[in-house]
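These notes concern the structure reproduced below.
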Amino acid sequence: MGYRLRRTEDALLPPVLYGGEGQLPISETFALLHGEKLAICDELEEIADSLPEGLDRDRCLSVSRRLEPLVQAVHVYEEQVLFPACLEAAGHAAHARELVARLKAEHIEDAEFAAELCEGLRRIGEGLAPLNVEALAYMLRGFFAGVRRHIATEREAMLSLSGATA
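If you're matching positions, the sequence shown starts at 1 in UniProt numbering and goes up one per residue.
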């Protein structure tokens, strides 16, 4: 069994299980999904850096449509495929179970933050909310900094648990 990523014009959809040839190894899918998350973090940083004068409402709408589905897709893959594989490789050791539990808890926080951020970006993009530039910049920076930190932790921890090399 493996996962195949499905795309629409604006979003990476949650991966679907499939079996057969051509599936990517877990490590490659992990890297691909993290690359997608880091790319959207770069976009969020560019939006934050453009404030207040350079706000691009269309870009805010585009990111608001892509962010939450991407976060969900990555979390589904990690929790259903990556984490179980790493736990198996680590012999279900206590430290591995604790680490996976912590990463899953961070997923909940990231998903909630992404939902709030998407709603704010959507409203701003549609001109529905008065723009509080400081609040938007704070939210953007808080989210992408946290996601980047989470990715770094996951990479280091999962490589260590699985015995893989970078």
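Glycine is no exception: its CB is placed at the ideal position from the N, C-alpha and C atoms.
Keep in mind the model is a prediction, meaning the values are calculated, not measured.
- For Leu51 and Ala135, the gap between their C-alpha atoms comes out near 11 angstroms.
- Listed in chain order, the alpha helix (DSSP H) runs fully inside the region 22-108 are 26-50, 57-77 and 83-89, counting runs of at least 4 residues.
- In the three-state reduction of the DSSP assignment, Glu126 falls in the coil class, being assigned neither a helical nor a strand state.
- Pairwise C-beta distances place the region 85-102 out of contact with the region 110-124, as fewer than three of them are shorter than 8 angstroms.
- Annotated three-state conformation of Leu136 is helix, per DSSP.
- By the C-beta density criterion, Val71 is buried, having at least 16 other C-beta atoms within 10 angstroms.
- Scanning its chain for C-beta atoms nearer than 6 angstroms, with the 5 sequence neighbours on each side dropped, one finds around Leu44 the residues Leu140 and Phe144, in chain order.
- Distance from the CA atom of Ser160 to the CA atom of Glu53, rounded to whole angstroms, is 44 angstroms.
- Within the same chain, Cys86 come within 6 angstroms of Met158 by CB-CB distance, once the 5 residues on both sides are set aside.
- Less than 7 angstroms separates the beta-carbon of His150 from that of Glu106.
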